[in-house]
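Quick notes on the structure that follows.
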Amino acid sequence: MAYNYLIYKAIHVIFVVSYFAGLFYVVRLMIYHTETQKMEDPKKLILQEQYTFMEKKLWNVITAPALIILVVMGINMLIKNPALLQLPWMKSKLGMVSVLLLYHFWCWRTLKQIQKNIYKYTSVQLRMMNEVATILLFVIVFAVIQKTQFGQDWYWSIVSFFGSGVILMLIVRLINRNNKK
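Residues 1010 to 1190 in the numbering used here are what the sequence shown spells out, letter by letter.
Structure, rendered in structure tokens:
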């Protein structure tokens, strides 16, 4: 039993890394794709076509499959060790994973809209949304590494991470404002 659990865990960690790499990059591509609106043809059309191609490949070949594999491995670990579901840190982790899944759906929907030339967000707004995955990654990793300590102080841990996220977003906004000058 322990051997299978460790295999599931190793595969889970590998695909968490792949998934977040894809998630970070796909939002970055959406930012670049959105910024093509300000360009003139034919450069605009060439770049939009290229970004659409890259986004589809990234999403369909790396990001979505990595999510499926990491979720399946995570479920397998919980089946092998159901006592984990009683631990406060695991409840916090699964709560943040639920938020991550909502973010994943938002990314997918936004990506589809951009590929249809429907731009609901500015590049600055997308840059801020790109930080959501970073914050969630921080919270999830700290929950897993700290375990008991995180479980005892989960409320303050999550509040401090989201507070850090707000600070990150303000820094992004400040940098963007300075870049425009």
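Note that the Cβ used here is the ideal one computed from N, Cα and C, for glycine as well.
Residue j and residue i - do their beta-carbons sit closer together than 8 Å?
i	j	result
Q1122	T1061	no
V1035	T1072	yes
V1141	Y1112	yes
Helix or strand or just coil, what does DSSP make of residue i?
i	result
Y1028	helix
Y1128	coil
K1121	helix
L1096	coil
N1090	coil
Within 10 Å of its beta-carbon, does residue i have 16 or more other beta-carbons around it, so buried, or fewer, so exposed?
i	result
I1040	buried
T1119	buried
I1055	exposed
R1182	exposed
The alpha helix (DSSP H) spanning residue i covers which residue range?
i	result
Q1046	That residue, Q1046, is in no alpha helix (DSSP H); it is neither H nor E in DSSP.
I1071	Here I1071 belongs to no alpha helix (DSSP H), and DSSP marks it neither H nor E.
Please identify the residue among the options whose C-alpha is closest to the C-alpha of residue i.
i	options	result
L1087	A1075, K1100 and L1076	K1100
I1016	T1157, S1169, I1078 and G1172	I1078
N1126	H1042, I1023, V1022 and L1109	H1042
I1144	L1109, V1133, Q1155 and V1153	L1109
N1069	C1116, H1021, V1148 and V1106	C1116
R1186	Q1158, A1092 and V1133	V1133
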